[in-house]
Amino acid sequence: MNMSPPPNFALVALLCVAVPAFATTFPTTVEVDLMFPRNDTYGPTALFPFVFAFQNALLAPSLDPGFDISLREITSPNTTGYGLALDVSATNFSRSDPLYVYTSITSLPAAAYRLEWSFGASNCSDQGTFTLGGGFREQSVEFTIQAGAPLPDLVSTATSTECADISHFAFNLTGTLNVPIPAQDDNRDTCAVLSDTQPLVPGNPCAVQVSNVTASSIEAALTATACAAVSPVVSCPKTNAASSGRDIGFAGWVAVLGGLAAALVVSQLL
């Protein structure tokens, strides 16, 4: 990836592979996978990407998904931190499966980093009255930026034989319920009912294979977003960057993303 840096965070979402209409059979799994970065060492690049994939994305809104993300340097005691909240409440999850969401950060200096991401998911019940609960689960990944190391490669990451260790959460849905008042619940029509005995399952991150076409589209979209800045410092094509972004169908997000689990921490049980 050879991309010139924008003045700040550039973030976008890529939607690809149309989702056919289908009838859901329960139980089923909704999974969110961190495709990049991994627990690895990478060469410096102008735009360092962070890429997630949602599997069974059509049902993801029923979880009312939410992210809490932070990135910090861990090379020295005087660490530099970066953090933004990701708001996916308005995301159209019906546009693709898997659905990719991603962002980039400008020119991370050579150092070691810890990327921590918490994923929040709701759980509902109709035992007597409609009730809603949930909590956040946290995972982390540590990676290094080092001169001379291989540049980020989304394709080789996705097809690696070690893909099973990709940081992820997989939720075991036994059904969904209609939300009585969607306007009071992020305008969701349905709410996920998670298994009482096993709300989280191992998942299958190896099922997501990032193709060369998808990886190239992610790079192009990140560059287009950088070029849409008021005063871009990236080398931009002559065509209008913002228009190019709309043509490939991505939506702006607010996030710095990450996670490869050193250990699974359940902050609050469903």
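Under mature numbering (1 follows the signal peptide of the UniProt record, and there is no 0), residues -23 to -1, 1 to 247 are what the sequence shown spells out, in order. Ideal Cβ placement from N, Cα and C applies to all residues, glycine included.
(1) Quick check: phenylalanine 27 and threonine 108, are their CB atoms within less than 8 Å of each other?
(2) What are the start and end residues of the alpha helix (DSSP H) that includes threonine 191?
(3) Relative to the alpha-carbon of phenylalanine 120, which residue among Ala198, Leu48, Asp10 has its alpha-carbon at the smallest distance?
(4) Is it a yes or a no for the segment 128 to 148 touching the segment 174 to 194, going by three-plus beta-carbon pairs under 8 Å?
(5) Within 10 Å of its beta-carbon, does glycine 58 have 16 or more other beta-carbons around it, so buried, or fewer, so exposed?
(6) Please classify serine 53 as buried or exposed, where buried requires at least 16 other C-beta atoms within 10 Å of its C-beta.
(7) Name, in chain order, the residues that DSSP records as bridge partners for cysteine 213.
(8) To the nearest angstrom, how far is the alpha carbon of proline 209 from that of alanine 203?
(9) List the endpoints of the continuous beta strand (DSSP E) containing leucine 131.
(10) Can you pull the DSSP bridge partners for glycine 125?
(11) Could you check the C-alpha separation between glycine 97 and proline 182 for me, to the nearest Å?
(12) So is the beta-carbon of aspartate 45 under 7 Å away from any non-hydrogen atom of the ligand MG?
(13) Per DSSP, threonine 151 is paired with what?
(14) Give the range of the beta strand (DSSP E) segment to which asparagine 100 is assigned.
(15) Could you tell me which of Ala(-1), Asn155, Leu171, Gln32 sits nearest to asparagine 164, measuring between CA atoms?
(16) Note down the Cα distance separating glutamine 123 from proline 86, rounded to an integer number of angstroms.
(17) Is the CB-CB distance between proline 129 and phenylalanine 3 below 8 Å?
(18) Give the secondary structure of aspartate 17 by DSSP, where H, G and I count as helix, E and B as strand, and everything else as coil.
Looking at the coordinates:
(1) no
(2) 189 to 204
(3) Leu48
(4) yes
(5) exposed
(6) exposed
(7) For cysteine 213, which the question treats as bridged, DSSP gives no partner whatsoever.
(8) 6 Å
(9) Careful: leucine 131 lies outside any beta strand (DSSP E), inside the alpha helix (DSSP H) at 131 to 135.
(10) Per DSSP, none; premise fails for glycine 125.
(11) 19 Å
(12) Absence of the ligand MG is noted for the structure shown, with no ligands found whatsoever.
(13) BP columns for threonine 151 are empty, so no partner.
(14) 88 to 102
(15) Asn155
(16) 8 Å
(17) no
(18) coil
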